[in-house]
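In my numbering, the protein residues as written are 59 to 980.
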């Protein structure tokens, strides 16, 4: 091996280690600690986990089930260890929904020994989160993934550096020198012996972090790629498998219906165990999952160690309620890729061989922990200098007199945001205060309470506004509090930075309303409210500087140097997507059919998360532009036509446009309409610019037209797919908008362009519109309740895909509705498939036109209030997507259920305060 090659490898190995060492140390250390979670938790439950061997048969499971039923408990799962000194583990739910958890039951007497002690669970969850993402959510996950990828390279480069130059040196490189153990030996030798297993652990970790690794590994075992596009044969195979899966689902549903008709009684648990032991005649831990409201069958999993390495694998049986076997899934019959997927987690955690592998993984993980430490010390010693960490400090601090003596505990910066702009402004203000030596806290506005408002001296608010003037969901509690309470805030000083889009009538309305509510409470505005348009850099910088100067003036502090602030705004660049597929989702000949649209790109789209939207600027209809030019009797020159087609908002109207038009038209009827709020709202809901100039004609010039018509608004469409599941694609769910108003044809610009005007191969421009308030919760165990109607299914489809991609065990309940089941059940087969795979725990639908009286999604919340309370008590997050009217009705239903049900442990106010209520409306 040439000298230059080893020198290059050594240099790469060094800098790769310095780059990733801290993360690898944390990951390996937390991994070594987490290995023994189950044994440690069992040890603190020793008195309930272990029982005295009474040398007699176990009591019947049916007897235990009956005993628990008399005590008001329903059994969900039973784990039988089959050992004379181990208790049974019973997963239970209280009949009234007030309690749930795990009981340990004496197998000889059937007596409840106690509930599982979960004292250490939060500590282990903390360790696991540190291991997976450094407590930094998705950003941390990517950092860990990149560091582990670097670590895999270092294992190979370390092996290359370890290789002796001469064969006679080979044996000496395998053991320590007893007389003198050198630091280099502590680095190299344990690393060599741990290399293979560290490689397996690291690769299985990458399997979790990086989709392309997962895809490559599954393909290497003969499976279908998760990410890359499948071949025609593979697509045929996938379609066949989906057809088979759907057929099996129908059979199960028919069987379930048949059972409900023929017998409501469930089979004996003891007979199920007996049949299981006959079908799977080997000793092993057996877990029984009993029927639920969603699944009417019994599932049994049994650990099978009858293999040459004594690995822990699972065989499964499924029974109907009569105790007849309906499915038998043996590990040995799985395909290689299915076996690999089943073993991927045990291979990473060390549970694959039980105690021997746990101990081995613990030792190897500690070795992995030592490698960055010994490596760093070696580097430091060779350089003969102490390791120096450089801290980037940005701008030089400005000192102000007596800053250290000022108390800023009752100063607070809050933000209410969807896309993150308000938060960015708030944190910039915080940074400016820090430069002055004034520490000020920054929080989400949802955490702000009336009690805090009364004690705050200075409150700085950055708040965004939805198109219709609605504040972000996180601000709704404080808005309600300020509107409905009667206390005063005479000691509060505040300033408001309002964000909005002047293309809408309700420009910055949330900020304006908040400013008004605070003034009405007697609070003092230290500066005039600043309203920011789409390009908010300059006005928000002005707000920051004015707010700081006003505070310092109030506190009689002189600022000796000029403040230099600039809110860095990165303008969202347009990107391109190519149309791959446009498929009709709804059935029948509907006036407003719904379509599934697949857009693809060669670019990386991973920044678009489930819950986010894309913004497009569609071309206006040609016929509408022609009608406008004809009605105004303007010459149809190309420049004006192109301007109306591509740059103007003409398919919708707002009050500002009507006022500008009437400035030139001076039409009395139009003036009356502007003064009649109810009639104006009805007109604006349906009319376009052509209606305005036909219903209220006036002779206006081309120049006046340009002064009247506003610039085009972007159309937002929620991503209906996960970019982890489909890395180079964005899916949309779009309903075609067509209607008649004033006996005139009307079309939606965005929906018609996407569903009618584009064909496969066409390209469209888009911008990413992040929705930070509608993202999946960082806690991957938190259940989700998804409520929506119509195309509101789009982000929920993305959630389900992401959840499946992450191999998450979280529970998901979808409550969704539309007009008609036969024509409007969007993604029906996909949803049933998610349900079959348990990626979707519970599915309830409401088709309003199919029943009398009509049933809507908010009614389903009330009808399922016991389940709803049980999910909420488990920490569920609620996501609502659809029309504003639906969202208001649903919110009312949720508030009624949470506030009035005796078993509820949370109010609706607390739900918003804890940021567990998320809303995306249109």
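Built from N, CA and C at the ideal position, the CB exists for glycine as well.
Tell me whether residue i sits in a helix, a strand or coil according to DSSP, three-state version.
{"i": "residue 959", "result": "coil"}
{"i": "residue 182", "result": "helix"}
{"i": "residue 582", "result": "strand"}
{"i": "residue 350", "result": "coil"}
{"i": "residue 614", "result": "coil"}
{"i": "residue 273", "result": "helix"}
{"i": "residue 134", "result": "strand"}
{"i": "residue 73", "result": "helix"}
{"i": "residue 735", "result": "helix"}
{"i": "residue 316", "result": "Only weak support is given to the placement of residue 316: the predicted model assigns it a pLDDT of 46, under 50, and the question is left unresolved by the model."}
{"i": "residue 251", "result": "helix"}
{"i": "residue 775", "result": "strand"}
{"i": "residue 556", "result": "strand"}
{"i": "residue 451", "result": "Low per-residue confidence applies at residue 451: pLDDT is 29, beneath 50, and the placement is therefore not dependable enough to give any value."}
{"i": "residue 152", "result": "strand"}
{"i": "residue 52", "result": "Residue 52 falls outside the range modelled here, since the chain spans only 59 to 980, and no answer is possible."}
{"i": "residue 535", "result": "helix"}
{"i": "residue 257", "result": "helix"}
{"i": "residue 566", "result": "coil"}
{"i": "residue 470", "result": "strand"}
{"i": "residue 500", "result": "strand"}
{"i": "residue 370", "result": "coil"}
{"i": "residue 711", "result": "coil"}
{"i": "residue 360", "result": "strand"}
{"i": "residue 160", "result": "strand"}
{"i": "residue 516", "result": "strand"}
{"i": "residue 551", "result": "strand"}
Let me check understanding here. Comparing Cα to Cα, which of the options lies closest to residue i?
{"i": "residue 699", "options": "969, 669, 760 and 671", "result": "760"}
{"i": "residue 832", "options": "670, 896, 551 and 919", "result": "670"}
{"i": "residue 642", "options": "881, 389, 894 and 695", "result": "881"}
{"i": "residue 491", "options": "469, 248, 509 and 512", "result": "469"}
{"i": "residue 676", "options": "134, 578, 741 and 805", "result": "805"}
{"i": "residue 257", "options": "426, 277 and 114", "result": "426"}
{"i": "residue 478", "options": "813, 828 and 118", "result": "828"}
{"i": "residue 879", "options": "892, 902 and 867", "result": "902"}
{"i": "residue 399", "options": "664, 649 and 863", "result": "863"}
{"i": "residue 652", "options": "438, 499 and 792", "result": "792"}
{"i": "residue 648", "options": "656, 877 and 549", "result": "877"}
{"i": "residue 606", "options": "523, 466 and 349", "result": "466"}
{"i": "residue 762", "options": "716, 739 and 731", "result": "716"}
{"i": "residue 756", "options": "741, 735, 764 and 721", "result": "721"}
{"i": "residue 775", "options": "703, 852 and 889", "result": "852"}
{"i": "residue 347", "options": "84, 436, 365 and 378", "result": "378"}
{"i": "residue 861", "options": "892, 849, 874 and 885", "result": "892"}
{"i": "residue 568", "options": "500, 554, 415 and 956", "result": "554"}
{"i": "residue 518", "options": "483, 188, 900 and 542", "result": "483"}
{"i": "residue 637", "options": "824, 748 and 711", "result": "824"}
{"i": "residue 130", "options": "889, 113 and 156", "result": "156"}
When you measure from the CB of residue i to every non-hydrogen atom of the ligand COA, does any distance come out below 6 Å?
{"i": "residue 540", "result": "This structure does not include the ligand COA; it has no bound ligands of any sort."}
From the beta carbon of residue i, is the nearest beta carbon of chain D less than 7 Å away?
{"i": "residue 529", "result": "No chain D is part of this structure, which consists of one protein chain only."}
DSSP beta-bridge partners for residue i?
{"i": "residue 641", "result": "654"}
{"i": "residue 790", "result": "655"}
{"i": "residue 706", "result": "769"}
{"i": "residue 590", "result": "557"}
Just list the beta strand (DSSP E) runs in the stretch 373 to 408, keeping only unbroken ones of 3 residues or longer that don't cross its boundaries, in chain order.
383 to 387
Kindly provide the ranges of any beta strand (DSSP E) runs that are 3 or more residues long and lie completely inside the stretch 659 to 690, ordered along the chain.
Counting whole runs of 3 or more residues, the stretch 659 to 690 contains the beta strand (DSSP E) stretches 671 to 674.
Could you tell me which uninterrupted alpha helix (DSSP H) segments, each at least 4 residues in length, are contained entirely in the stretch 877 to 951, listed from first to last along the chain?
879 to 882, 886 to 894, 915 to 921 and 923 to 931
Please specify which runs of the beta strand (DSSP E), each continuous and at least 3 residues long, are wholly inside the stretch 811 to 875, giving them in chain order.
821 to 827 and 842 to 847
Report yes or no: do three or more beta-carbon pairs, one from the stretch 256 to 267 and one from the stretch 196 to 210, lie closer than 8 Å?
yes
Decide if the stretch 490 to 506 is in contact with the stretch 546 to 556; the criterion is three or more beta carbon pairs, one per stretch, under 8 Å apart.
no
Pairs of beta-carbons, one from the stretch 780 to 788 and one from the stretch 681 to 694, closer than 8 Å: are there three or more?
no
Does the structure place the stretch 685 to 699 close enough to the stretch 723 to 734 that three or more beta carbon pairs sit under 8 Å?
no
Does the count of Cβ pairs from the stretch 417 to 434 and the stretch 75 to 94 closer than 8 Å reach three?
yes
With three or more beta-carbon pairs closer than 8 Å as the criterion, would you say the stretch 102 to 121 touches the stretch 133 to 148?
Verdict: yes, contact present.
The stretch 944 to 951 in contact with the stretch 910 to 924 per 3-pair CB rule at 8 Å
yes
Taking contact to mean 3 or more Cβ pairs, one atom from each stretch, closer than 8 Å, check whether the stretch 128 to 143 and the stretch 178 to 191 are in contact.
In short, these stretches do not touch, since the Cβ pair count stays below three.
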